[in-house]
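Q: Each number in my numbering comes from the position in the sequence shown (counting from 1) with 148 added on. Every residue gets a Cβ at the ideal spot worked out from N, C-alpha and C, and that includes glycine. These figures come from a predicted structure and were not determined experimentally. Pasting a structure here, questions to come.
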Amino acid sequence: MQDILKVCCFGLEDALKAVIAYWIWLQQQEKPMEYPSAVLIRALNEQWKPINWRDEWLSLPQLQSQGQRWYESAAKIWGYDLRNQTVANIAYDRGKEYIVFTNSKELLVETAWRWEWERVLNYATT
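Printed below as a string of structure tokens:
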């Protein structure tokens, strides 16, 4: 799978969108996607095109990373202003997601989920 992604540029976005659309259709039919990697490889090889694509699907929680979900939750818990004053970025490095705070501290997203919101806020503001 990784090798295919390295050499495949042409049609990658269409293939990903087509797989997402197919996955959503399967969910509506209450069927699982048995082998997602195989489906993606087939979509890349056959250059699938998305059908009935909707941009709002990219906002589905199931398609968001842990960092994206944490970032949105922080706005709900702390409020947008405090979150925006405290969080500089959600960064990816070597397969890990980090929260980069405006005080230059970093915290693994998985750690932030384990900590209470108050503890994360204290860490981010001191």
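Looking only at its own chain, which residues have a Cβ that is under 6 Å from the Cβ of GLU204, when we skip the five neighbours before and after it?
A: Position 56 of the sequence shown, counting from 1, holds the residue named residue 204. Nothing meets the Cβ criterion.
Q: Within 10 angstroms of its Cβ, does ILE168 collect 16 or more other Cβ (buried), or is it exposed?
A: To locate residue 168, count along the sequence shown from 1; it is residue 20. Burial call: buried.
Q: Excluding the 5 residues preceding and the 5 following GLN216 in the sequence, name in chain order all residues of the same chain whose CB lies nearer than 8 Å to its CB.
A: On the sequence shown, position 68 is the one that residue 216 refers to. Closer than 8 Å at the Cβ level, and outside the excluded window around GLN216, lie ILE238.
Q: What residues in its chain sit with their C-beta under 6 Å from that of LEU255, if we drop five residues either side in the sequence?
A: For the purposes of this step, residue 255 is identified with residue 107 of the sequence shown, where counting begins at 1. Around LEU255: ILE247.
Q: Alpha carbon to alpha carbon, how far is LEU188 from PHE249?
A: On the sequence shown, position 40 is the one that residue 188 refers to. On the sequence shown, position 101 is the one that residue 249 refers to. So the alpha carbons of these two residues sit roughly 35 Å apart.
Q: Specify the secondary structure class of LEU255 as computed by DSSP and reduced to three states.
A: What you label residue 255 is simply residue 107 of the sequence shown in a count that begins at 1. It is a strand residue.
Q: For the alpha helix (DSSP H) holding ILE199, just list the boundary residues, first then last.
A: The count along the sequence shown starts at 1 and reaches residue 199 at position 51. Counting along the chain, ILE199 falls outside any alpha helix (DSSP H), and DSSP gives it neither H nor E.
Q: Compare the beta carbon distance of GLU245 and GLN214 with 8 Å and say whether it is the shorter of the two.
A: Residue mapping note: residue 245 aligns to position 97 of the sequence shown, counting from 1. Residue mapping note: residue 214 aligns to position 66 of the sequence shown, counting from 1. For GLU245 and GLN214, yes; Cβs fall inside 8 Å.
Q: So, do the segment 189 to 199 and the segment 158 to 173 have three or more beta carbon pairs nearer to each other than 8 Å?
A: With a cut-off of 8 Å, the segment 158 to 173 and the segment 189 to 199 count as touching, because enough Cβ pairs lie within range.
Q: In terms of DSSP beta bridges, what is LYS244 paired with?
A: Working through the sequence shown from its first residue, we reach residue 244 at position 96. ASP241.
Q: List the endpoints of the continuous alpha helix (DSSP H) containing TYR228.
A: Position 80 of the sequence shown, counted from the start, is the residue given in the question as residue 228. TYR228 -> alpha helix (DSSP H) spans 228 to 234.
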